[in-house]
Structures are given as structure tokens and as C-alpha cells.
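Peer 1:
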Amino acid sequence: VNILIVTPHFYPENFRINDFAIEFNKRGHNISVLTAIPDYPKGKFYDGYGVFKNNRETYNGINIYRAPLIPRGSGSNLRLALNYISFVVGGIFTSFFMLKNEFDIVFVFEPSPITVGIPAIFIKKIKKIPLCFWVLDLWPESVVSAGNLKSSFIPRILNPIVRYIYKHSDRILVSSNGFMNSIVDKGISKDKIEFFPQWAEPIFKPMKSNKFLLTGVPEKSFKIMFAGNIGEAQDFPSIIEAARQLRHNQDIQWVVLGGGRREEWVKSKIKEYELENCF
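Position 8 (the sequence shown) corresponds to 8 in full-length UniProt numbering; numbering is contiguous.
(1) Tell me the DSSP secondary structure of tyrosine 65 in three-state form.
(2) Might you give, ordered along the chain, the residues of its own chain that have their beta carbon closer than 7 Å to the beta carbon of leucine 82, omitting 5 neighbours on each side?
(3) Just confirm the distance between the C-beta atoms of proline 111 and phenylalanine 222, as a whole number of angstroms; I'd bet it's less than 8 Å.
(4) Can you check which of these residues, Phe24, Lys271 and Phe93, is closest to leucine 34 by C-alpha distance?
(5) Please work out which residues of its chain come closer than 7 Å, Cβ to Cβ, to asparagine 229, disregarding the five sequence neighbours upstream and downstream, and give them in chain order.
(6) Return the first residue and the last residue of the alpha helix (DSSP H) that tryptophan 265 is part of.
(7) Once the 5 residues before and after glycine 90 are set aside, which same chain residues still bring their CB inside 6 Å of it?
(8) Are tryptophan 134 and valine 116 closer than 8 Å when you measure CB to CB?
(9) Where does phenylalanine 15 fall in DSSP's three states?
(10) Kindly indicate which three-state DSSP category lysine 223 falls into: helix, strand or coil?
(11) Roughly how many whole angstroms lie between the Cα atoms of alanine 200 and aspartate 19?
(12) Can you give the beta carbon distance from serine 182 to glutamate 141, rounded, assuming they're within the 8 Å contact cut?
(13) Quick check on the burial criterion: 16 or more other C-beta atoms within 10 angstroms. Buried or exposed for arginine 56?
(14) Three-state secondary structure (DSSP) at phenylalanine 10?
(15) So what's asparagine 60 in DSSP terms, helix, strand or just coil?
(16) Would you grab the beta carbon distance between glutamate 13 and tyrosine 49 for me? Rounded to a whole angstrom, and I think it's under 8 Å.
(17) Can you tell me which of the three DSSP states glutamine 234 falls into?
(18) Mind reading off the beta-carbon distance from aspartate 170 to leucine 131? Whole number of angstroms is fine, and I expect it under 8 Å.
(19) DSSP puts glutamate 194 in a beta bridge; with which residues?
(20) Just to confirm, is the Cβ distance from phenylalanine 179 to leucine 246 under 8 Å?
(21) Assign lysine 167 to one of two classes, buried (16 or more other C-beta atoms within 10 Å of its C-beta) or exposed (fewer than that).
(22) If you follow the beta strand (DSSP E) that serine 95 is in, where does it begin and where does it stop?
(23) Suppose contacts are defined by Cβ-Cβ distances below 8 Å. Is valine 106 in contact with isoleucine 85 by that definition?
(24) Suppose you measure from the CA of glycine 73 to the CA of isoleucine 37; what does that come to, to the nearest Å?
(25) If I'm right that asparagine 101 touches glycine 61 with Cβ under 8 Å, what's the distance once you round it to whole angstroms?
(26) Just how far apart, CA to CA, sit serine 32 and tyrosine 59?
(27) From this set, Ile157, Pro8, Asn63 and Gln250, which residue's C-alpha is nearest alanine 120's C-alpha?
(28) So, isoleucine 154 versus valine 162, is the Cβ gap smaller than 8 Å?
(29) Do isoleucine 64 and phenylalanine 10 have their beta-carbon atoms positioned less than 8 Å apart in this structure?
(30) I need the boundaries of the beta strand (DSSP E) containing glycine 117, first residue and last residue.
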């Protein structure tokens, strides 16, 4: 099967879709990827990449086409909006150079933004092929939550776009059963929605010892751990404030495992509040 994956992130960025593409390629399918110039999580293009640099490459037998876009930069709302919109425009532009290729299906990987589906719909209509949309982040809910938006203005703009993308998807996969009601509420038949969870990575295995082995963390301290994306939706201001109020208790240690666009902000606040001994 000739599969075209449309995703905002791909190798050398580290996302689950990389494993998906490699595995399907191993099973004998012909995989192509329409993606962006890599800029996550630092917000600037990776070394060796640019609008006119390395926009076509092959990775593990997978053909990669990179669309020009505006990098995320500092991750401000304006820069993210420009980043999202520019991928839609750049993705449609790049797809013109791909139309000579044979594709049997378009598969969309959507960790955010949902507008990644627009170039995919363009290709679906031109090539007259089915579109499968894998939802990993609900819109507009995630935008409202991450931006702490109280106004209904943004959801009113986004909801028609979200409905359009869902309507033009032939199959919708959701990474959580809890996503289904939100999609059905937008007028989508439950018959075309299917639960498709993310898989466990092979590096995870049972550990014989439960001893805390992180360097520099006192073994007998009370440890509070956060593991995952360091972004807007994770409310790190509250975490930093809690650590600030508890900073005189040396038995409490905060452990953060992960990265994201608010990582530098978190580091700056740790330094500003002199919390280096707590993290």
C-alpha cells in the first residue's frame, strides 16, 4: 500500500509517528511523509535544515517532503499561530510537487495543531483517496486550556474548521475513548470513529530495583516528579509557586523529566527564586 503520512513533526524530531512509519515500511508498505522543517522544541530550525536546505530526504527507506514554514520561535501565541498557518500554506504548496506520486491513502498524525488536516484534505480531493485522521489532541479544547482562555471568541472561530476537517476524514482514530463524545458533538457519526491508543515503547520494562538512582537527588528525600511535555497546558507557574512556598523544607525535592517550549522559562524562574537546591 502506498501511504502518505501528513504530520507537523517527523524525524529528526522525536515523535511516535517515526516508529509508526518505520514499522509500516518494514511490513512492505511504501511510505512517504509530508512534514515541516524540524524546529521542535527549541523553536528554531535544526542545523542543516531550512526553507531551501534539505527539504527532501530519505530516512529508513521513507521519502520525506518538508514544507516551508515560520518557526515556532519563543512559543508565543502569535508565533504559534503563524507557525500553524504557515504549515497549512507550505503544506499545500509542497503537495503540488508530490501529486505525480501514487498514493492509496492519506494518514494524518495530529498531536497539534488540527489544521495539519487541511493539506491532507487537499491531497485527498486531488488524488481521490481516503483520509484517516489520528486525533491525539482535541481542538478547540486544548487551545482553550493551554491559553487559559475565558472568551468564547477563539472556539467560535475554530469549531467550524474542526468540523470541516472531521467531516472530510473517512476514518477518525482517537488515542483516548474520552475524545469520542467531543467529536460526536460536532456532528460526526460515531460509526467512523475508532479507538486507537498509543503503544508502549520497548525500552520500558519491569525494574528489579526501586532505588532512586537520579544523580544529585538525596535518596531519603520526599520526591515529587513531573514527567512529560513542559508546555503551556502543564501549568508550570503553579508548580514553581508550590516549590517556592516549600523551598525551606529541604526534605522535598522536585524532579522534572522532559522538555518543551516552556523549558527555558522554567529554568529562569528556578534561578530567579533561587530554587536550584529544590530541583
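Cβ atoms here follow ideal geometry from the backbone N, Cα and C, with glycine treated the same way.
Quick caveat, the model's predicted, so the values are computed rather than measured.
Peer 2: Short version:
(1) Here residue 65 refers to the residue found at position 65 of the sequence shown. Here tyrosine 65 sits in strand by DSSP.
(2) Within the sequence shown, the letter at position 82 stands for residue 82. Excluding sequence neighbours, leucine 82 sits near Ile70.
(3) Taking the sequence shown and counting its residues from 1, one reaches residue 111 at position 111. Taking the sequence shown and counting its residues from 1, one reaches residue 222 at position 222. No, proline 111 and phenylalanine 222 are not in contact; Cβ-Cβ is about 33 Å, not under 8 Å.
(4) What you label residue 34 is simply residue 34 of the sequence shown in a count that begins at 1. Checking every option, the nearest Cα to that of leucine 34 belongs to Phe93.
(5) The sequence position of residue 229 within the sequence shown is 229, counting from 1. These residues qualify, in order along the chain: Gly258 and Gly260.
(6) Translated into positions along the sequence shown, residue 265 becomes position 265. Where tryptophan 265 is concerned, the enclosing alpha helix (DSSP H) stretches over 263-272.
(7) Reading the sequence shown from its first residue, position 90 is the one you call residue 90. Excluding positions up to five away in sequence, the list reads Ala67, Pro68 and Leu69.
(8) As a position in the sequence shown, residue 134 is number 134, starting the count at 1. As a position in the sequence shown, residue 116 is number 116, starting the count at 1. No, the pair does not count as a contact, with Cβ atoms beyond the cut-off.
(9) The count along the sequence shown starts at 1 and reaches residue 15 at position 15. Coil.
(10) As a position in the sequence shown, residue 223 is number 223, starting the count at 1. It is a strand residue.
(11) The sequence position of residue 200 within the sequence shown is 200, counting from 1. The sequence position of residue 19 within the sequence shown is 19, counting from 1. Distance between the alpha carbons of alanine 200 and aspartate 19: 11 Å.
(12) Reading the sequence shown from its first residue, position 182 is the one you call residue 182. Reading the sequence shown from its first residue, position 141 is the one you call residue 141. Indeed they touch by this definition, with Cβ atoms about 7 Å apart.
(13) Taking the first residue of the sequence shown as position 1, residue 56 is located at position 56. The residue in question, arginine 56, is exposed, as its Cβ has fewer than 16 Cβ neighbours within 10 Å.
(14) Here residue 10 refers to the residue found at position 10 of the sequence shown. Note: phenylalanine 10 maps to coil in three-state DSSP.
(15) Numbered from 1 along the sequence shown, position 60 holds the residue referred to as residue 60. Reduced to three states, the DSSP call for asparagine 60 is coil.
(16) For the purposes of this step, residue 13 is taken as residue 13 along the sequence shown, with counting starting at 1. For the purposes of this step, residue 49 is taken as residue 49 along the sequence shown, with counting starting at 1. So it is not a contact: roughly 11 Å between Cβ atoms.
(17) Residue 234 sits at position 234 when you count from the first residue of the sequence shown. Looking at glutamine 234 - three-state DSSP - the assignment turns out to be helix.
(18) On the sequence shown, residue 170 is found 170 positions in, with the first residue counted as 1. On the sequence shown, residue 131 is found 131 positions in, with the first residue counted as 1. Aspartate 170 to leucine 131, Cβ: 5 Å. Contact.
(19) Position 194 of the sequence shown, counting from 1, holds the residue named residue 194. Beta-bridge pairing links glutamate 194 to Leu173.
(20) On the sequence shown, position 179 is the one that residue 179 refers to. On the sequence shown, position 246 is the one that residue 246 refers to. Not closer than 8 Å, so no.
(21) Here residue 167 is taken as the residue at index 167 of the sequence shown, counted from 1. By the 10 Å Cβ count, lysine 167 comes out exposed.
(22) Against the sequence shown, residue 95 aligns to sequence position 95. Element bounds for serine 95: not the beta strand (DSSP E) but the alpha helix (DSSP H), 77-95.
(23) Numbered from 1 along the sequence shown, position 106 holds the residue referred to as residue 106. Numbered from 1 along the sequence shown, position 85 holds the residue referred to as residue 85. For valine 106 and isoleucine 85, no; Cβs fall outside 8 Å.
(24) Here residue 73 is taken as the residue at index 73 of the sequence shown, counted from 1. Here residue 37 is taken as the residue at index 37 of the sequence shown, counted from 1. Their Cα atoms are separated by approximately 13 Å.
(25) Reading the sequence shown from its first residue, position 101 is the one you call residue 101. Reading the sequence shown from its first residue, position 61 is the one you call residue 61. The Cβ separation is near 15 Å, so there is no contact.
(26) As a first step, residue 32 must be located in the sequence shown, where it is residue number 32. As a first step, residue 59 must be located in the sequence shown, where it is residue number 59. Near 10 Å, if we compare the C-alpha coordinates of tyrosine 59 and serine 32.
(27) As a first step, residue 120 must be located in the sequence shown, where it is residue number 120. That would be Pro8, whose Cα lies nearest to the Cα of alanine 120.
(28) To locate residue 154, count along the sequence shown from 1; it is residue 154. To locate residue 162, count along the sequence shown from 1; it is residue 162. Against a cut-off of 8 Å, the Cβ pair of valine 162 and isoleucine 154 comes out as no contact.
(29) Stepping through the sequence shown from its first residue, residue 10 is reached at position 10. Stepping through the sequence shown from its first residue, residue 64 is reached at position 64. The answer is yes: Cβ separation under 8 Å.
(30) The residue given as residue 117 occupies position 117 in the sequence shown. Per DSSP, glycine 117 belongs to no beta strand (DSSP E); it is in the alpha helix (DSSP H), 117-127.
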